[in-house]
Each structure stands twice: as structure tokens, then as C-alpha cells.
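Q: Residue numbers (my numbering), protein chains in the order written: chain X, 1 to 318; chain G, 1 to 538. We treat Cβ as the ideally placed atom computed from N, Cα and C, and that holds for glycine. Just passing along the structure, written as C-alpha cells.
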Amino acid sequence: MSPLITLVLKRVGLGVLTLWVISVLIFVGVELLPGDLAEEILGQNATPETVAAFRRELKLDLPPHARYLAWLGGLTEGDLGNSLANGRPIAELIGWRFANTLFLAASTAVVAVPISIFLGILAALYRNSLFDRLISMATLSTISFPDFFVAYILIALLSVQLLLFPSVSNINPQMSLLEKLYAIVLPCLTLTLVVVAHMMRQTRAAIINILSSPFIEMAHLKGLRRARVVVRHAFPNALSPVINVVALNLAYLVAGVVIVEVVFAYPGMGQLLVDSVTKRDIPVVQASGLIFAATYVTLNLLADVFSIISNPRLRAPR
Amino acid sequence: MASLLEIHNLVIEGCHDGQWLPIVNGISLRLEKGQVLGLIGESGAGKSTLGLAAMAYTRLGCRISSGTIVFDGLPLLELDKEERRKIRGTRIAYVAQSAAASFNPAHRLITQYAETPVQHGIMDFHTAEKQAIDIYRRLLLPDPEHIGYRYPHQVSGGQLQRAMVAMAMACRPDIIVFDEPTTALDVTTQIEVLAAIKNITNQFNTAAIYITHDLAVVAQIADRIMVLRHGDLVEENDARRILAEPREEYTRQLLSVRSFKKDGNGAGGHAKIPFLKVEGVSASYTGRELVLEKIDIELHRGRTVALVGESGSGKSTLARVITGLLPPVEGRILFDGAELPPALSARQREHLRQMQMIYQMPDTALNPRHRVRKIIGRPLSFYFGVTAADREKRILELLEMIELPADYIGRYPGELSGGEKQRICIARALAADPHLIICDEVTSALDQLVAEEILKLLHRLQRELGVSYLFITHDLATVKAIADEIVVMLRGRIVEQGEKQAVLKSPENAYTERLLSSVPEMDPDWLDRLLETREAAA
Numbered sequence: 001m002s003p004l005i006t007l008v009l010k011r012v013g014l015g016v017l018t019l020w021v022i023s024v025l026i027f028v029g030v031e032l033l034p035g036d037l038a039e040e041i042l043g044q045n046a047t048p049e050t051v052a053a054f055r056r057e058l059k060l061d062l063p064p065h066a067r068y069l070a071w072l073g074g075l076t077e078g079d080l081g082n083s084l085a086n087g088r089p090i091a092e093l094i095g096w097r098f099a100n101t102l103f104l105a106a107s108t109a110v111v112a113v114p115i116s117i118f119l120g121i122l123a124a125l126y127r128n129s130l131f132d133r134l135i136s137m138a139t140l141s142t143i144s145f146p147d148f149f150v151a152y153i154l155i156a157l158l159s160v161q162l163l164l165f166p167s168v169s170n171i172n173p174q175m176s177l178l179e180k181l182y183a184i185v186l187p188c189l190t191l192t193l194v195v196v197a198h199m200m201r202q203t204r205a206a207i208i209n210i211l212s213s214p215f216i217e218m219a220h221l222k223g224l225r226r227a228r229v230v231v232r233h234a235f236p237n238a239l240s241p242v243i244n245v246v247a248l249n250l251a252y253l254v255a256g257v258v259i260v261e262v263v264f265a266y267p268g269m270g271q272l273l274v275d276s277v278t279k280r281d282i283p284v285v286q287a288s289g290l291i292f293a294a295t296y297v298t299l300n301l302l303a304d305v306f307s308i309i310s311n312p313r314l315r316a317p318r
Numbered sequence: 001m002a003s004l005l006e007i008h009n010l011v012i013e014g015c016h017d018g019q020w021l022p023i024v025n026g027i028s029l030r031l032e033k034g035q036v037l038g039l040i041g042e043s044g045a046g047k048s049t050l051g052l053a054a055m056a057y058t059r060l061g062c063r064i065s066s067g068t069i070v071f072d073g074l075p076l077l078e079l080d081k082e083e084r085r086k087i088r089g090t091r092i093a094y095v096a097q098s099a100a101a102s103f104n105p106a107h108r109l110i111t112q113y114a115e116t117p118v119q120h121g122i123m124d125f126h127t128a129e130k131q132a133i134d135i136y137r138r139l140l141l142p143d144p145e146h147i148g149y150r151y152p153h154q155v156s157g158g159q160l161q162r163a164m165v166a167m168a169m170a171c172r173p174d175i176i177v178f179d180e181p182t183t184a185l186d187v188t189t190q191i192e193v194l195a196a197i198k199n200i201t202n203q204f205n206t207a208a209i210y211i212t213h214d215l216a217v218v219a220q221i222a223d224r225i226m227v228l229r230h231g232d233l234v235e236e237n238d239a240r241r242i243l244a245e246p247r248e249e250y251t252r253q254l255l256s257v258r259s260f261k262k263d264g265n266g267a268g269g270h271a272k273i274p275f276l277k278v279e280g281v282s283a284s285y286t287g288r289e290l291v292l293e294k295i296d297i298e299l300h301r302g303r304t305v306a307l308v309g310e311s312g313s314g315k316s317t318l319a320r321v322i323t324g325l326l327p328p329v330e331g332r333i334l335f336d337g338a339e340l341p342p343a344l345s346a347r348q349r350e351h352l353r354q355m356q357m358i359y360q361m362p363d364t365a366l367n368p369r370h371r372v373r374k375i376i377g378r379p380l381s382f383y384f385g386v387t388a389a390d391r392e393k394r395i396l397e398l399l400e401m402i403e404l405p406a407d408y409i410g411r412y413p414g415e416l417s418g419g420e421k422q423r424i425c426i427a428r429a430l431a432a433d434p435h436l437i438i439c440d441e442v443t444s445a446l447d448q449l450v451a452e453e454i455l456k457l458l459h460r461l462q463r464e465l466g467v468s469y470l471f472i473t474h475d476l477a478t479v480k481a482i483a484d485e486i487v488v489m490l491r492g493r494i495v496e497q498g499e500k501q502a503v504l505k506s507p508e509n510a511y512t513e514r515l516l517s518s519v520p521e522m523d524p525d526w527l528d529r530l531l532e533t534r535e536a537a538a
């Protein structure tokens, strides 16, 4: 077996292990929450009999490890359990909301990743020039504002003042792709402004780091144009750190958008999570946590694999 | 007739702490078509800076402040950036010291070869590809049809260096600047690359500037030689003349650099019982492949054993096994007749004290944030627990031993030269009062004249203190200078060992013979003669 496949398999194995640890942490975390779940949900007027019946129905009377094993068993068969609030299967509840979150994240990534890398390369190419400083200042300013602040500023400017885009991104399954895209312009822009700085600065730093290598001097002495030296000689060697920061930001786009989704009333996982926490819908919170964790693990796994592939030493061993 | 390249009164300055100081101090040179000019000098002589300036290129933090560079009628310094760029790679090409660092790890060799001609619009990729194979063949690279499709990490150091020469030839330049192209290579590989360079520049009548610190190497290849020092020209002459009758004292020093020889055998001798015995030691990093196989070595008090071999032969691994950094998979190490625990953590402080190490790079072996007092004082406190006053006294004694002034005690490593740093490393080893000092390539990062001073110092210390050395090196000149016994290693095995005179005079092993004959001699005909002999033998 090629060492590349072995490496990838090892990473996948580690990823699964990480997910298992997270499932334990989530379960224990929820277990430690104060108060009795059944009493919380049924209210103070519930009779002891109803509470007992409710507990039996939800299997809350079983010891924790038995409940954990039952939950884990369901998970491995793809059964996330049922919502406490309305009794519907969680998979059904989460399904289209998770798709929405992914849709927003993907749209943002399609805009933000190329822009950051392009700006990062330009900034490295014109290092310490006025352009470089302006770019750094602009991206650092957008990252230093909290995301809800950026969101409200954008709403005030582009929605209230200029009437360009809707301030509420309440999409529904009946909308066409174009209508959906139009609806999410503002959240997408907010998120882009928040994530560009990280990726752009990491790209710039990684390329500048590579620019002092002897093979860059060699490329100059071969009479190559500066842009070619940076794009063709420096960038491929800077890929590994860039890929990693892109993966971290993509993970943020999926798991960290709670506030932005709430601000724009976007029907994604973030909103669901907030709703479920208020309703004490514990199984939904658990499932959401696990899905976010799985997204993080998967994206970092992909980043690892792409970093390995981008390194010819690992891709093509001696 | 005008020369191909004429540099007149060139001054290049470098920026140090906001001050511009000259690196090249008004040097003039001429290079004719097809001629090879050797630039030689120690580090800081300005030879690389001068070589790069021939391409109208300066490194970051350097500037050409005055002078003229005329290449084939073109005043290079008056050209704009774009015009200079068009000359680089096409008419003047560059071969760097370390091919491993100067090839882009992300692209195949042939892509990097073809890049220059394709990007300059001289030929398409397929033509370049075909020509590359032809050049690879002329440079005697193995499997010339396919080697170009490998990545840099997939070929050996010597092959990579030749691939870099091939890359420089891609546009058939008028001049190639060779910047120490063989310095990072083993002696046996150095010969192949030297022969390849000589051959290919002859075939295409390419002029060359050959930069090196090694007079014996440049003598094989250059028509004329310029000796540089601190940015000034010391002497310039025909290559044969400069070897036969050097006019300047500095040139004479460089010529005699390999003449230091230890007189007679060290103290002690064979009659006594060895204090350190390595018995049947095999070692491995992975647990599968053996890096060392059945090594037997004996060390005697007051003597120097030189451990010789090419890179990858297992020399440094053996040092790691002896010091306990890498426990062997089999075999044992006896110190004064008692078996040492294989792992470092199981050894007693007294065992550790007996063996000290000096490393190749004094820069990285010294903590840049510790003063000399702390660096030398630490082993004194650690092994002997001396009082502060005694420690200070002992540090001063040690500084005197290594011939450094007493006020160096308050300095940081950054305030010392390379040779002085290595002396501090020696003092640190001596502070433990050891029986054995393992010297791992201790002179190879130093300039030749400085290296020679270090060797003399180590020799004097041995005479005075009776310490033993295990001298790991790939440089046979060092071996000739300092060894009592020689151990030759090849791929993890000992191929020959014995008294220095015996091994040098009549090597029994074919590899030892090859290794010994590969050391460049101060004779311009040495390379041609050697290649002829080897061809006749083959």
C-alpha cells in the first residue's frame, strides 16, 4: 500500500476517534446540566406520576452509561433520536436547516477563499508598499469588529439606506437558486468580511516566508517575471499553511455562524440551536453539537489530506 | 577587442544596522569568451556578491554603489529592470551551492529546466524537453530519458547538482556563474560534478566564473584565478602561475592550508588496554533497516581515531550510540572494562562526564542568550558542584587554554566569530574534564585557515591533557592532519581500520583507495590525470 493511503487512513481513524471522544464530552456535558429534564419540560404543576411516566418514556430512568450506549447505538445507525418539543425525528428537523447552513457557508467560501488568496499573493508581491498596508489595515479593521456589528452596519447601509438587498434572509424551499442567492447577499458579505483577514494574512505570511528560500533566488536568476516567481514558485510551497487556515475558517462558517443567522433570521442550524436551547430540547442540542463537531473534524481531515497531496515528498516518495 | 564581460572598479555595499559598509571594494575583472575565471577566498571575501553582480543582481540589503559592468557591449547597470531580467538565465546563468535548496521542491526537474527557455520565448516545451535529455546525457546522469521527470528529492545530491548545471545550460548562455557548486558534496561525488562542469563548459565553449574557497578545486578548472579577501583583490594571475609562484603571503597561506600534520603517534600506544570498546554494535532508527551493522572499535587514551565516510555512512549514528542517545539493537559498549547502560537516561553522571561532544555548527550548539560564563560554567556546576569563586577561576583557566582573552567571559555567542564560537564549544567540553571528546565534523563549517587553527588547538590540548578524540569527518585532509588511527565506514559497516600511516600508504580496500584518491591536490593536472587512471582501470 502506498504511504499516502496509509497516512490518509491513519488520519481518518484519528478523526473517528476524535468524534467518539466528542460524543462522550457532549453527553457528559448535557448530563451535568442542573435541574431535572422531565420537571423542566412538564412544568411545576406536573404530578409525580406524569413525571415518572415521562421519564420512563424517554428512558431517563436508566443509568447514564446505558442511555449513552443507546444514543451511540442510534447514532451509528444514523438515528439521531426524536425532538422533545414536538416529537418529530431530529434528522428531519435538522436536514434542510443543515443544508441551508452549508449553502450559506459554501456561497461565502466561493467568494471569500479566492479573494483572500488573491489579496494575500498581491500583498506578498508588493510587500511593504502602500497597497500592502491598505489591505492589511482594511482586513484587520473588519476582523476587529464583532460580526453582529458588521451585520447591522451592512443592514443600515445597504438595506435601509440604499434599499439594495433584503435585511431578512428568510429563504424557503420554494425559492429558485437565484432568489436564494439574492436573499443571502448580506449574511454572505458579513461572513466574508469576517473571514478574509485570517486567510489573507496567512497566505501573505506563508508566501513571504518562502520568498527567502534559495530556490526563489534561483527563479529570479533564471530571469523569470516577479509574478511568476510568486505564483509558480512560492505559492505551491506555501500551500500547506494556507490550506489549514482555509479549513479552519470554513469550519467557522459552518459552526460559528449562530449570531449572523439569528441577525438575518436565516433558517439554518444556528437558529435551530438557539431555539432548542431555549426550549430545553436536549436531544436536538446534542445532535447539533455532534454535527458541528463532525464538520470540524471532516474539514480538518480534508485539510490534512490536501496538505499531504500538495507535498511532492509525500505524494511521490523516492 | 572588447572582453565578453568587463567589470570596472565595482563597489558593492551591504547594510549593517543602518550603516552601509563595503562588501566589494572597487574590484575590476575581465572575462573572455570560453574562459574560466576562478574567484577564491574565505567567507566574507565578497566572492559570491561579486559573482551575482556579474548578473546585475544583488541580494536583499546590498546595493551596487559605483563602478561599471559591461557584458558583450551592454552596460548592465544602466539597463532597466526588464532588460536585465531578459539577460538572466538566457545569456548569463547561475549554478548555486546547494542544489537541494535551490531546486523548487514542488516541480519536476525537467519542468524547471524548460522554464527558462520557454518563459523567455526561446523554444517550446517539447524542444526544451528533448534538449534536456541530450544535456542530461552529456552530463552522464543515469537514465537521462527519465531522470528529468523526477522531483528534486528523488535524486541524489551529486545528480541534483549536475541537473542544476544542465538547467543553467538550457539557453546555451555565454557565461555561467558557479557559486561553490561542489562544496556541499562528498569528495567522491565532487569529482563527478567537477568533471561534468569541466566537460560541458568545454563542449559549448561557455565562459564561467567559478567561486570557491578551495584553491585545489579551482585549480582543476580555472584558466585564471583571482584571490579575494575582505572585498579586496589580493592577487590575480594565470591559474598555473598562482600555484607555482604565489606573490602574496595570504595566497601562500591558502596554498599551504593542508600541510598541518600531527607529528608521530599520540601518547599511549597499543600496548595498553583500550578504555572504550564498542563490540558488535548494530543500530537502527526504524527498527527495521540497520544503519549500523556489527561495529567494533577500540579507543586508547591520548589517541585520536578518525571516523571517515561519506554522508549517510553512519558516522554520526555511531556517535549517538556511544553517547547513549540512540540505544543499539545489539552489541555493547564497555568503558574501562565495565558495560555502559545502552540508554542515556540509565547512565550515571560520572559516565556522562567522561564523554563530551563538539558539534559541526557552533552557531546552533551554543545558546545565543547565554553568556560565555554561563556556557562554560554550567558543566562545572553540574559535574563538580564547584563554588562560584572556583567556577570563575576555572572558566578563566579554560579560556586561557583555548587561547581566548579573559574578557570574553561576559560575551554572548553573537559577539564571537565562527572560529571563536567553536573554541567556546571546546572549552565547554573540556570543562567536564572528560576522557573522550567526540568531534562531529567540527571544522567543516569553518573557513580553511580557521579550521586549521582549531585542529592545531585540539592537537595541543591532547598533548597537554591526554584526552582522546573520536573525530568524525568526511574531509580526508583533516584526517591526514590529526588522526592516529583511521576507521573507514561505508553504508553502516567498517570497511577498513588501522594505523594512519598504514591505511594512507597502502589501503587494502578499493573504496578506501577511491576515497583517498578523490581528495583534490594543489596541482592543475590532478583531475585530468585521475580521470585517465580511473578510465584505464575500468
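1) Counting only beta-carbon separations shorter than 8 angstroms, does Phe215/X have a partner in chain G?
2) Check the Cβ-Cβ distances between Arg313/X and every residue of chain G, and say whether any is below 8 angstroms.
3) Would you call the CB atoms of Ala96/G and Leu77/G closer than 8 angstroms?
4) For a test of the three-state rule: what should DSSP assign to Ser282/G, helix, strand or coil?
5) Identify whether Val519/G lies in helix, strand or coil by the three-state DSSP scheme.
6) Can you tell me whether DSSP reads Ser28/G as helix, strand or coil?
7) Among Pro312/X, Asp281/X, Ala197/X and His233/X, which one has its Cα closest to the Cα of Leu140/X?
8) How is the alpha helix (DSSP H) around Thr139/X delimited, first residue to last?
9) What three-state label does DSSP hand Tyr113/G in the structure shown?
10) Helix or strand or just coil, what does DSSP make of Asn300/X?
11) Closer than 8 angstroms, CB to CB, is His198/X near chain G or not?
12) What runs of the beta strand (DSSP E), each 3 residues or longer, lie entirely inside the region 269-341 of chain G?
13) Going straight from the alpha carbon of Leu72/X to that of Arg55/X, what length do you get?
14) Name, please, each residue of chain X whose Cβ falls closer than 8 angstroms to the Cβ of Ile87/G.
15) Who pairs with His554/G in a beta bridge, going by DSSP?
16) How many Å lie between Arg491/G and Glu513/G at the Cα?
17) Would Gln159/G pass as an interface residue toward chain X - the criterion being a Cβ-Cβ separation below 8 angstroms?
18) Which parts of the region 242-304 of chain X are runs of the alpha helix (DSSP H), unbroken and 4 residues or longer, counting only runs that do not cross its ends?
19) Kindly say whether Gly266/G, judged by its beta-carbon, lies nearer than 8 angstroms to any beta-carbon of chain X.
20) Mark Asn249/X as exposed unless 16 or more other C-beta atoms lie within 10 angstroms of its C-beta, in which case mark it buried.
21) How would you call Lys59/X, buried or exposed, if buried means at least 16 neighbouring beta carbons within 10 angstroms?
22) Return the CA-CA distance between Ser176/X and Ala183/X, expressed in angstroms with no decimal places.
23) Would you please verify whether the beta carbon of Ala287/X is less than 8 angstroms from any beta carbon of chain G?
24) If we count the other Cβ atoms within 10 Å of its Cβ and call it buried at 16 or more, is Cys439/G buried or exposed?
25) Hey, out of Ile291/X, Arg315/X and Val305/X, whose CA is closest to Ile94/X's CA?
26) How big is the Cα-Cα spacing for Val245/X and Gln202/X?
27) Taking the continuous beta strand (DSSP E) assigned at Ile472/G, which residues delimit it?
28) Around the C-beta of Asn104/G, are 16 or more other C-beta atoms found within 10 angstroms, so that it is buried, or is it exposed?
29) Name the two residues that bound the continuous alpha helix (DSSP H) containing Ile121/X.
30) Going straight from the alpha carbon of Leu17/X to that of Asp407/G, what length do you get?
31) Residues in the same chain with beta-carbon distance under 6 angstroms from Gly268/G, minus the five sequence neighbours each way, listed in chain order, please.
32) Which residue marks the beginning of the alpha helix (DSSP H) containing Tyr136/G, and which one marks its end?
33) Considering Cα atoms alone, identify which of Leu62/X, Pro241/X and Ser288/X is closest to Ser310/X.
34) Distance, Cα to Cα, Ser48/G vs Ile211/G?
35) To which residues does DSSP link Gly498/G through a beta bridge?
36) If you draw a straight line from the alpha carbon of Glu289/G to that of Leu193/X, how long is it in whole angstroms?
A: According to the structure shown:
1) Numbered from its first residue, the first sequence carries residue 215/X at position 215. Cβ-Cβ to chain G under 8 angstroms: yes for Phe215/X.
2) Within the first sequence, residue 313/X is the residue found at index 313, counting from 1. Yes, its Cβ sits closer than 8 angstroms to a Cβ of chain G.
3) As a working note, residue 96/G is residue 96 in the second sequence. As a working note, residue 77/G is residue 77 in the second sequence. Against a cut-off of 8 angstroms, the Cβ pair of Leu77/G and Ala96/G comes out as no contact.
4) As a working note, residue 282/G is residue 282 in the second sequence. Note: Ser282/G maps to strand in three-state DSSP.
5) By one-based count along the second sequence, residue 519/G stands at place 519. Three-state DSSP puts Val519/G in coil, outside helix and strand.
6) The residue given as residue 28/G occupies position 28 in the second sequence. Strand, per DSSP.
7) One-based indexing of the first sequence puts residue 140/X at position 140. Of the candidates Pro312/X, Asp281/X, Ala197/X and His233/X, the one whose C-alpha sits nearest the C-alpha of Leu140/X is Ala197/X.
8) For the purposes of this step, residue 139/X is taken as the residue at position 139 of the first sequence. Segment Leu130 to Ser144, the alpha helix (DSSP H) holding Thr139/X.
9) Here residue 113/G refers to the residue found at position 113 of the second sequence. Helix at Tyr113/G.
10) Here residue 300/X refers to the residue found at position 300 when the first sequence is read from its first residue. Asn300/X falls in the helix class under three-state DSSP.
11) Here residue 198/X is taken as the residue at index 198 of the first sequence, counted from 1. By this cut-off, His198/X is not an interface position.
12) 276-283, 292-299, 304-308 and 330-335
13) The sequence position of residue 72/X within the first sequence is 72, counting from 1. The sequence position of residue 55/X within the first sequence is 55, counting from 1. Using only the alpha carbons, I get a separation of about 19 angstroms.
14) In the second sequence, residue 87/G corresponds to position 87, counting from 1. Here the neighbours are Gly223.
15) The question about residue 554/G has no answer, for chain G in this structure spans 1 to 538.
16) Residue 491/G sits at position 491 when you count from the first residue of the second sequence. Residue 513/G sits at position 513 when you count from the first residue of the second sequence. Looking at the two C-alpha atoms, the distance is approximately 16 angstroms.
17) Here residue 159/G refers to the residue found at position 159 when the second sequence is read from its first residue. So no, Gln159/G is outside the interface.
18) 258-263 and 269-279
19) Locating residue 266/G in the second sequence gives position 266, where the first residue counts as 1. Any reading at Gly266/G needs caution, since the residue's pLDDT is 49, under 50, leaving its predicted position unreliable; the model's value is listed next. No - not a single Cβ of chain X is within 8 angstroms of the one on Gly266/G.
20) Residue numbering aside, residue 249/X sits at position 249 when the first sequence is read from its first letter. Buried.
21) Locating residue 59/X in the first sequence gives position 59, counting from the first residue. Result: exposed.
22) The residue given as residue 176/X occupies position 176 in the first sequence. The residue given as residue 183/X occupies position 183 in the first sequence. When rounded, the distance between both Cα atoms is 11 angstroms.
23) Translated into the one-based positions of the first sequence, residue 287/X becomes position 287. Chain G, which has no Cβ nearer than 8 angstroms to the Cβ of Ala287/X, makes this no.
24) Locating residue 439/G in the second sequence gives position 439, counting from the first residue. Per the 10 Å Cβ criterion, buried.
25) What you label residue 94/X is simply residue 94 of the first sequence in a count that begins at 1. Comparing Cα positions, the closest option is Ile291/X.
26) For this step, residue 245/X is matched to residue 245 along the first sequence. For this step, residue 202/X is matched to residue 202 along the first sequence. The straight-line gap from Cα to Cα measures roughly 7 angstroms.
27) Your numbering for residue 472/G matches position 472 in the second sequence. First-last of the beta strand (DSSP E) with Ile472/G: Ser468 to Thr473.
28) Within the second sequence, residue 104/G is the residue found at index 104, counting from 1. With 16 or more Cβ atoms within 10 Å of its Cβ, Asn104/G is classed as buried.
29) The residue you call residue 121/X lines up with position 121 of the first sequence. Looking at the DSSP string, the run of the alpha helix (DSSP H) that includes Ile121/X is Ile90 to Leu125.
30) In the first sequence, residue 17/X corresponds to position 17, counting from 1. In the second sequence, residue 407/G corresponds to position 407, counting from 1. Approximately 59 angstroms between the Cα atoms of the pair.
31) Here residue 268/G corresponds to residue number 268 of the second sequence, with the count starting at 1. Low confidence applies to Gly268/G: its pLDDT is 48, below 50, so where it sits in the model is not reliable enough to give any reading.
32) Looking up residue 136/G in the second sequence gives position 136. Taken as a continuous stretch (DSSP letters only), the alpha helix (DSSP H) holding Tyr136/G covers Phe125 to Arg138.
33) Here residue 310/X refers to the residue found at position 310 of the first sequence. Comparing Cα-Cα distances from Ser310/X to each of Leu62/X, Pro241/X and Ser288/X, the minimum goes to Pro241/X.
34) Residue 48/G sits at position 48 when you count from the first residue of the second sequence. Residue 211/G sits at position 211 when you count from the first residue of the second sequence. Cα to Cα, the separation comes out at about 7 angstroms.
35) Stepping through the second sequence from its first residue, residue 498/G is reached at position 498. Answer is Ile486/G.
36) The residue given as residue 289/G occupies position 289 in the second sequence. The residue given as residue 193/X occupies position 193 in the first sequence. Going by the C-alpha atoms only, they are around 53 angstroms apart.
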